[in-house]
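Peer 1: For this note's numbering, add 345 to where a residue sits in the sequence shown, where the first one is 1. Positions of the beta carbon are idealized from the N, C-alpha and C atoms, including for glycine.
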Amino acid sequence: MRRISVENAQSGMINARAIYSSEGKILLAAGIALNDFYITRLKELSIYSLYIQDEFASELSIPEIVSEKTRVETIKIVRQTFTQIEASRRINVLDLRDAVDKILDEVLSHSNTLVHLVDIRTFDDYTFAHSVNVCILSLLTGISLSYNTLQLKELGIGALMHDIGKTKIPLDLLNKPTRLTKKEFQLMQQHSEQGFEILRNYPEISILSTHVAYQHHERINGSGYPRGLSGNDIHEYSRIVAVTDVYDALLADRVYRPAFLPYDAIRELTRGAYTLFDPRVVAALLDNIAIYPVGSVVQLNTGDVGIVMDVNKQSQHRPIIRMLTDRRRNKVPGRQEIDLDKLSTVYIVKVFSEQLSYSILQEVEEGGSIESLLDNTQIDPD
Ligand SMILES: [Fe+2]
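(1) Could you tell me the distance, in whole angstroms, from the CA atom of GLN707 to the CA atom of LEU718?
(2) Which two residues bound the contiguous beta strand (DSSP E) that contains TYR396?
(3) Where do the ends of the alpha helix (DSSP H) carrying ARG386 lie?
(4) Between ARG680, SER583, ASP578, which lies nearest to GLN560 when the distance is taken from Cα to Cα?
(5) Can you give, in chain order, each stretch of the beta strand (DSSP E) that sits fully within the region 613-666 and has at least 3 residues?
(6) Measuring from the CB of ASP593, is there a heavy atom of ligand 1 at a distance below 6 Å?
(7) Checking 7 Å against the spacing of the C-beta atoms, do LEU669 and VAL709 come in under that value?
(8) Just the C-alpha distance for GLY487 and GLY712, rounded to the nearest angstrom, thanks.
(9) SER394 and ARG362 - do their beta-carbons sit closer together than 7 Å?
(10) In whole angstroms, what separates the C-alpha of SER704 from that of SER350?
(11) Buried or exposed: where does THR589 fall if 16 or more other Cβ atoms within 10 Å of its Cβ makes it buried?
(12) Please determine, among PRO408, ILE410, SER366, the residue with the shortest C-alpha to C-alpha distance to SER391.
(13) Around the C-beta of GLY567, are 16 or more other C-beta atoms found within 10 angstroms, so that it is buried, or is it exposed?
(14) For ligand 1, any of its heavy atoms closer than 6 Å to the Cβ of ASP440?
(15) So, at 6 Å on beta carbons, what are the nonlocal neighbours of TYR608 in its own chain, with the 5 sequence-adjacent residues on each side left out?
(16) Let me confirm a value: ARG616 is counted as buried when at least 16 other C-beta atoms fall within 10 Å, else exposed. Which label applies?
(17) Once the 5 residues before and after VAL627 are set aside, which same chain residues still bring their CB inside 7 Å of it?
(18) Please report the straight-line C-alpha distance between THR472 and ARG434, rounded to a whole angstrom.
(19) Tell whether a beta-carbon distance below 7 Å holds between GLY648 and ARG667.
(20) Nearest CA to the CA of HIS746: which residue from THR428, THR426, GLY540?
(21) Looking at the strands, I want to know which residues DSSP matches up with MET506.
(22) Below 6 Å CB to CB, which residues in the same chain sit around ALA504 once its five sequence neighbours on both sides are set aside?
(23) Tell me the DSSP bridge mates of VAL460?
(24) Indicate whether LEU677 and ASN646 have their beta-carbon atoms separated by less than 7 Å.
(25) Beta-carbon within less than 8 Å of GLN723's beta-carbon, same chain only, minus the 5 sequence neighbours each way: which residues are those?
(26) Which residue from ASP655, ASP450, GLU563, MET358 puts its Cα closest to that of GLN398?
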């Protein structure tokens with residue numbers, strides 16, 4: 346399966362992954378053939394991408410760290426918790442604990458798997474789905490930092506609830522599609538402290554978890570908020586969530602920009618290491634992310650173009666590639682694959698956006714020219 350933009354979706358294509366609403370209802374089941382009605386509906390729901398089956402579908406297996414079922418159930422619990430706070434009711438800490446335990450179990454049993462999938466989100470559940478992703482990514486990071494189970498659970502609760510203070514921020518401000526004014530930004534920043542104030546009412550939640558809500562926008566050079574803490578004055582759990590929060594936000598389609606590729610999001614984090622982010626934490630997160638996820642279309646230094654078929658956790662820069670065209674742009678017949686890990690002089694020089702990957706595969710299939718598409722990219726690994 347392959348992720349494509351809804352703009353490129355056509356009648357007859359097969360949806361490869363179920364798309365859920367934030368209430369856990371299936372909006373579009375896997376295996377369903379798209380038609381104009383569905384495509385229009387997806388656009389109306391502000392869903393920008395979907396996974397489709399294609400000729401690689403039977404061979405490309407994209408591993409999942411946390412099952413879709415657990416992910417959707419946890420999104421529901423986060424939504425419920427936010428709703429309880431909005432209604433001035435007490436939250437159910439036991440539900441949150443159970444949810445984190447479940448995710449942790451799954452993450453631990455897949456700790457050798459790289460994160461490949463970028464989930465499809467509906468616009469209205471952005472905060473809830475984001476909270477679950479931040480929890481998963483934070484736990485993977487904690488495992489790479491050799492945390493024990495108690496630490497992982499504290500980190501998991503803090504990560505899942507890091508934005509609970511947003512329940513105290515007006516909805517029109519949270520969803521504002523344009524740049525915030527200075528005053529609006531100051532109001533928005535209050536969600537950190539508000540989150541801390543909410544969570545500290547619950548003695549069964551560790552004070553370290555509540556500090557994740559308080560400190561996840563602090564930056565190690567002191568440029569963050571609300572208190573401008575720096576370095577180790579920011580608790581390590583918060584330094585982790587600072588990184589996973591930004592990473593997952595970059596990977597989401599937003600009203601004002603399409604999602605970043607993992608490669609570009611990773612570059613943003615690497616640029617921020619030492620100034621904004623703890624470099625140890627950035628390295629620990631990156632240990633778990635597929636830089637070139639399965640299904641990415643890439644160009645090699647030899648001029649050849651191919652599609653990533655498999656990734657090795659020990660050498661993420663050097664995946665296994667199925668050749669599409671050679672340097673003269675001739676289609677490569679059959680199923681020739683090369684393992685970059687075994688070829689020290691061959692490396693990836695370009696990775697193409699979702700949109701370009703789609704067009705390249707289309708042209709190769711139809712025997713057209715991909716020359717102009719290959720030049721059309723701004724994304725160059727350095
Ligand atoms: Fe936040």
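Peer 2: Quick look at the numbers:
(1) 11 Å
(2) 394-397
(3) 381-389
(4) SER583
(5) 642-645, 650-655
(6) no
(7) yes
(8) 47 Å
(9) no
(10) 11 Å
(11) buried
(12) SER366
(13) exposed
(14) no
(15) ILE636, VAL696
(16) exposed
(17) VAL588, LEU614, THR615, ALA618
(18) 20 Å
(19) no
(20) Nothing about residue 746 can be reported from this structure: the residues present for the chain run from 346 to 727 only.
(21) MET506 pairs with nothing; no bridge assigned.
(22) VAL479, CYS480, SER483, VAL586
(23) ILE634
(24) The sequence shown places Val at residue 677, rather than the Leu named in the question. No, the Cβ-Cβ distance between VAL677 and ASN646 is not below 7 Å.
(25) Any reading at GLN723 needs caution, since the residue's pLDDT is 49, under 50, leaving its predicted position unreliable; the model's value is listed next. Excluding positions up to five away in sequence, the list is empty.
(26) MET358
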